[in-house]
Amino acid sequence: MTVEACNKQKLMDDMDDDDGPLVFKRSSSSSSKQKQSNSETKRSVPHKHDQQLGRPASNARPQNGQNNSVQRSKIVPASKTPPDRPPPLSQKLSNSLPKESEVKSTRVDSRPSTSMRGELTSVKRQIKGENSLSGSTCGPKEESEDSEDDKPLSARLQAGRSKINSGNADKGANASNFRQTSKIPKSEDSDDEMPLSSKFRVKAAAGGSTNRSSTSGEKKPLVAECGQNGSASTDRKSSTVLKKRIVDSIKPSDASSLKRPKLSETSTPHKNKDSSIKAEMKEEDDEDHVPISQRIKKTAVAEKKSAPIKKLTAPTTPITKKFNKKPNKTIKNTKYSESSKVPPSSGEGQKWTTLVHSGVIFPPPYKPHGVKILYKGKPVDLTPEQEEVATMFAVMLDTEYMDKPKFKENFMDDWRKILGKNHIIQSLEHCDFTPIYDWHQSEKEKKKQMTTEEKKALKEEKLKQEEKYMWAIVDGVKEKVGNFRVEPPGLFRGRGEHPKMGKLKKRIRPSDITINIGRDAPIPECPIHGQSWKEIRHDNTVTWLAFWNDPINPKEFKYVFLAASSTLKGQSDKEKYEKARLLKNYIQGIRTAYTKDFTSKDPTKKQIAVATYLIDKLALRAGNEKDDDEADTVGCCTLKVENVEPVPPNILKFDFLGKDSIRYQNEVEVEVAVFRAIQEFRNKKKGGDDIFDKLDTSKLNAHLKELMPGLTAKVFRTYNASITLDDMTAILLLLLSRETKGGEVAEKVVAIICNHQRTVSKSHSAQMTRLNEKIDELKGVLEELRTDLARVKKGKPPLMRSDGKSKRNLNPDSLEKKISQTTAKIEKMERDKDTKEDLKTVALGTSKINYLDPRITVAWCKRHEVPIEKIFNKSLLAKFAWAMDVDPGFRF
DNA sequence: TGGTAGACTTGCTTTGAGATAA
DNA sequence: TTATCTCAAAGCAAGTCTACCA
Numbered sequence: 001m002t003v004e005a006c007n008k009q010k011l012m013d014d015m016d017d018d019d020g021p022l023v024f025k026r027s028s029s030s031s032s033k034q035k036q037s038n039s040e041t042k043r044s045v046p047h048k049h050d051q052q053l054g055r056p057a058s059n060a061r062p063q064n065g066q067n068n069s070v071q072r073s074k075i076v077p078a079s080k081t082p083p084d085r086p087p088p089l090s091q092k093l094s095n096s097l098p099k100e101s102e103v104k105s106t107r108v109d110s111r112p113s114t115s116m117r118g119e120l121t122s123v124k125r126q127i128k129g130e131n132s133l134s135g136s137t138c139g140p141k142e143e144s145e146d147s148e149d150d151k152p153l154s155a156r157l158q159a160g161r162s163k164i165n166s167g168n169a170d171k172g173a174n175a176s177n178f179r180q181t182s183k184i185p186k187s188e189d190s191d192d193e194m195p196l197s198s199k200f201r202v203k204a205a206a207g208g209s210t211n212r213s214s215t216s217g218e219k220k221p222l223v224a225e226c227g228q229n230g231s232a233s234t235d236r237k238s239s240t241v242l243k244k245r246i247v248d249s250i251k252p253s254d255a256s257s258l259k260r261p262k263l264s265e266t267s268t269p270h271k272n273k274d275s276s277i278k279a280e281m282k283e284e285d286d287e288d289h290v291p292i293s294q295r296i297k298k299t300a301v302a303e304k305k306s307a308p309i310k311k312l313t314a315p316t317t318p319i320t321k322k323f324n325k326k327p328n329k330t331i332k333n334t335k336y337s338e339s340s341k342v343p344p345s346s347g348e349g350q351k352w353t354t355l356v357h358s359g360v361i362f363p364p365p366y367k368p369h370g371v372k373i374l375y376k377g378k379p380v381d382l383t384p385e386q387e388e389v390a391t392m393f394a395v396m397l398d399t400e401y402m403d404k405p406k407f408k409e410n411f412m413d414d415w416r417k418i419l420g421k422n423h424i425i426q427s428l429e430h431c432d433f434t435p436i437y438d439w440h441q442s443e444k445e446k447k448k449q450m451t452t453e454e455k456k457a458l459k460e461e462k463l464k465q466e467e468k469y470m471w472a473i474v475d476g477v478k479e480k481v482g483n484f485r486v487e488p489p490g491l492f493r494g495r496g497e498h499p500k501m502g503k504l505k506k507r508i509r510p511s512d513i514t515i516n517i518g519r520d521a522p523i524p525e526c527p528i529h530g531q532s533w534k535e536i537r538h539d540n541t542v543t544w545l546a547f548w549n550d551p552i553n554p555k556e557f558k559y560v561f562l563a564a565s566s567t568l569k570g571q572s573d574k575e576k577y578e579k580a581r582l583l584k585n586y587i588q589g590i591r592t593a594y595t596k597d598f599t600s601k602d603p604t605k606k607q608i609a610v611a612t613y614l615i616d617k618l619a620l621r622a623g624n625e626k627d628d629d630e631a632d633t634v635g636c637c638t639l640k641v642e643n644v645e646p647v648p649p650n651i652l653k654f655d656f657l658g659k660d661s662i663r664y665q666n667e668v669e670v671e672v673a674v675f676r677a678i679q680e681f682r683n684k685k686k687g688g689d690d691i692f693d694k695l696d697t698s699k700l701n702a703h704l705k706e707l708m709p710g711l712t713a714k715v716f717r718t719y720n721a722s723i724t725l726d727d728m729t730a731i732l733l734l735l736l737s738r739e740t741k742g743g744e745v746a747e748k749v750v751a752i753i754c755n756h757q758r759t760v761s762k763s764h765s766a767q768m769t770r771l772n773e774k775i776d777e778l779k780g781v782l783e784e785l786r787t788d789l790a791r792v793k794k795g796k797p798p799l800m801r802s803d804g805k806s807k808r809n810l811n812p813d814s815l816e817k818k819i820s821q822t823t824a825k826i827e828k829m830e831r832d833k834d835t836k837e838d839l840k841t842v843a844l845g846t847s848k849i850n851y852l853d854p855r856i857t858v859a860w861c862k863r864h865e866v867p868i869e870k871i872f873n874k875s876l877l878a879k880f881a882w883a884m885d886v887d888p889g890f891r892f
């Protein structure tokens with residue numbers, strides 16, 4: 001306890017450092033640059049009215065393209081981390097923090113943003129103010145709880161700082177910095193000292209232990225009650241998932257395996273592999289890994305696997321191919337099962353036993369409006385089909401796509417095919433779509449002007465039509481379908497500089513759609529009279545209900561899946577987090593292994609080591625190869641020479657377009673060995689050449705699987721995000737439970753680590769201006785009140801009002817009260833303003849939905865009796881239903 | 001062994017309804 | 001009452017990763 005309190009005090013002290021925000025320490029000598037956010041630049045250029053297309057001038061939101069936004073970054077002193085030490089997550093955090101001066105350069109608003117710094121600083125203040133709360137809730141200190149690898153990067157930050165001076169001497173003390181109430185088994189103590197193999201065994205065995213629900217006799221706080229099922233929908237109110245979901249009245253009739261890569265030269269020492277397998281076997285014993293659906297199925301009669309297809313029409317080649325593959329897949333799975341290589345929850349590939357659903361619903365047929373576009377100033381008659389495509393373009397006149405020649409070129413190519421060779425319209429430049437745009441705007445306005453009753457009636461009508469498509473019955477359980485509506489035709493809105501943007505997404509018809517449904521279930525009626533489905537399958541090894549070929553990339557598919565709240569998705573989610581938790585037990589071995597290989601003579605080994613380091617340290621994505629007909633984006637394995645610039649002595653400057661063409665810019669201080677390796681990989685290569693030329697995601701992941709069963713590159717993102725949340729909630733949620741502000745901070749930190757960004761909203765600038773005006777106004781009021789108070793105290797009357805009338809003669813107490821109220825109001829508005837500014841480009845939702853283990857939050861809520869609804873909205877409650885029965889002592 | 005089909009997960013944008021402020 | 005803001009939900013684009021095949 002003493003030690004923990006002491007460390008907590010250290011945290012407070014660190015927080016007080018004016019040099020930077022609380023835990024985000026970095027070397028003062030580090031230099032960093034924050035590049036100009038291009039989205040800001042874009043916004044500063046007023047849109048020109050595109051006269052030719054009749055494009056209205058607008059303040060349209062910038063596309064989320066290449067220059068939209070950048071990763072906020074700082075250099076981190078990674079090189080100061082001992083070679084066998086993991087890169088601290090705190091360093092990542094530090095990376096993510098913009099310097100104030102840099103931030104200034106990216107803002108259009110007059111006021112420099114405090115960015116995350118501001119929020120964290122305010123948290124700091126609150127922590128200081130509520131210090132006693134922290135002390136009162138601290139649990140007893142566990143001796144030397146776990147190795148530093150078990151700590152999130154943010155936690156290690158502090159440790160790292162100390163280590164710069166004292167090496168590993170303070171390891172034990174730092175290890176417990178952020179732990180409060182969790183009881184870590186003694187077996188984990190000092191496990192840095194244990195042989196890796198035995199450590200893996202111990203940890204794998206211990207790994208899921210805290211996860212088990214201790215329902216018996218335990219006092220359930222609010223969260224436990226509300227969350228048994230997590231679903232907030234009114235038809236799901238029973239107390240457990242199983243009870244709630246079983247649809248008694250519906251009879252079933254009416255209603256990956258992990259490929260074990262062979263050991264390569266780059267494999268880790270034998271004992272590691274042994275322990276991996278043992279750890280895996282331990283995991284299989286844990287019933288938590290058995291999917292809920294599998295548990296339900298215990299008494300169900302399994303449907304025959306590899307059921308033959310009932311074909312309505314001849315399938316396309318790949319479909320036939322895929323179907324024929326199934327029997328092989330089954331055999332392989334069985335084999336794995338015998339050798340304990342089947343993942344615990346795979347169910348040998350079977351995902352369901354009975355499946356009933358109603359298929360999909362189609363968008364209504366096109367209704368011609370008869371509004372004519374102008375060609376060279378004259379109205380042109382169009383057929384309904386031609387008009388439909390023209391309308392798709394017209395409604396996009398106020399978007400950024402109009403600034404993209406590729407978009408217009410692709411659109412015109414496809415429209416021309418519909419217009420015909422000899423049509424009067426030959427060039428897009430001479431088309432004026434304004435009449436259709438105006439018509440569309442007026443339709444929107446009409447819709448807006450509808451009365452509440454009219455809107456309600458319309459909504460109910462829609463619901464009535466869609467109700468039957470919204471649900472599927474999976475193994476007798478009613479589950480929500482995710483996307484039962486077929487995508488309507490439109491123009492493809494590729495992100496970044498997608499070569500296919502603007503192309504016509506043709507209307508999808510029943511004959512494009514393959515349905516997957518239980519063998520005994522009735523085949524859904526085709527909703528369009530006279531047409532039929534492309535194919536009916538009964539494949540219970542997949543979870544999709546229907547699919548069609550993507551009209552833009554016909555070799556790709558669009559699937560209809562169950563909703564995120566479904567048991568199947570929930571189970572899959574849980575497995576994802578369990579895998580990430582397992583990584584916690586292996587991370588030290590992995591980091592030691594890749595550190596060793598930084599200087600390997602085998603170039604492939606060396607590249608794998610450096611790539612793994614970057615994925616672990618910077619949360620980079622794996623980086624699969626891209627086709628020429630996709631946007632030119634990269635991930636770790638596809639980084640080009642021009643994307644990484646080494647700056648001596650050991651800084652790497654990253655600048656590339658990642659997923660969704662979101663720009664990633666970061667300057668990082670790395671291990672000297674990594675720096676040298678990158679220099680070597682870049683040697684004698686051109687700007688567009690791959691840095692990791694001996695590597696791709698398959699090789700990388702195959703290697704990772706040798707280190708931990710099922711490990712892939714993306715697990716590192718989940719691991720780092722969740723362990724950060726676990727760490728930060730321990731501190732911040734605890735201290736700021738009343739408003740759960742700490743949770744927001746943690747989410748924000750994770751969002752920044754993962755580079756989750758969003759486009760600044762159209763109205764952001766206006767909102768900020770309004771807030772500033774209000775604050776100024778209140779400050780004027782405050783000033784006046786203070787003057788009045790001074791006068792009243794001297795026995796003089798208050799000043800006259802601005803309209804010349806006299807004020808009510810308030811006494812000093814009333815005036816002081818008013819001053820206090822006004823001051824509080826100003827402070828609140830300042831905080832709101834800071835938050836709004838800080839979060840304007842940060843997408844919190846993504847990390848909350850995809851990376852943060854919900855059990856961390858649920859367990860914390862249980863420990864502190866905070867209703868989980870304060871943290872999760874309705875849909876997250878439903879999505880995370882599987883997490884609601886977590887033990888309050890759960891730690892990631 | 002490399003290429004790729006297929007099956008998912010991840011992640012940003014848009015939409016629209018309800019809440020709040022003026 | 002209207003305008004504005006907020007946020008959840010929906011939409012769909014764009015990733016990852018496995019298994020299979022030539």
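Per the UniProt record's numbering, the very first residue in the first sequence carries number 1; after that it's consecutive. Just so you know, even glycine gets a beta-carbon here, dropped at the ideal spot from N, CA and C.
Can you tell me where the beta strand (DSSP E) with residue i in it begins and where it stops?
i	result
R663	663-669
P646	644-647
residue 905	Past the boundaries of the shown model lies residue 905; the chain is included only from 1 to 892, so the question cannot be answered.
K378	378-380
What residues in its chain sit with their C-beta under 7 Å from that of residue i, if we drop five residues either side in the sequence?
i	result
K817	none
T633	G496, K626, L657, G658, K659, S661
T823	L782
I436	V371, I373, A390, T391, A394
K506	P489, P551
For the alpha helix (DSSP H) that contains residue i, what are its first and last residues?
i	result
residue 898	The structure shown does not extend to residue 898, since the chain spans only 1 to 892, so no value can be given for it.
I373	Counting along the chain, I373 falls outside any alpha helix (DSSP H), though it belongs to the beta strand (DSSP E) covering 373-375.
N701	697-707
A878	874-879
Q465	452-466
So if DSSP puts residue i in a beta bridge, which residue, or which two residues, is it bridged to?
i	result
K605	Looking at the DSSP assignment, K605 forms no beta bridge with any residue, so it has no partner.
residue 908	The structure shown does not extend to residue 908, since the chain spans only 1 to 892, so no value can be given for it.
C526	In DSSP, C526 forms no bridge with anything.
G490	K505
R485	I361
Could you have a look at residue i and say whether DSSP puts it in helix, strand or coil?
i	result
G476	coil
R855	helix
H764	helix
T864	The residue you asked about is not Thr; residue 864 is His in the sequence shown. Three-state DSSP puts H864 in a helix.
R758	coil
D655	strand
residue 907	The chain is shown from 1 up to 892; residue 907 falls before or after that span and cannot be answered.
I361	strand
A173	Any reading at A173 must be qualified, since the residue scores a pLDDT of 26, below 50, and its modelled position is unreliable; the value itself is stated next. Three-state result, A173: helix.
Y559	strand
Could you tell me how far apart the beta carbons of residue i and residue j are, in whole angstroms, since I believe they sit closer than 8 Å?
i	j	result
V721	L852	For the record, residue 721 in the displayed sequence is Ala; it is not Val. 6 Å between Cβ atoms; contact.
S600	A609	7 Å
G635	L620	6 Å
P524	I515	6 Å
Return the chain-ordered list of same chain residues with a C-beta closer than 8 Å to the C-beta of residue i, the five sequence neighbours on each side being excluded.
i	result
D550	E556, F557, K558
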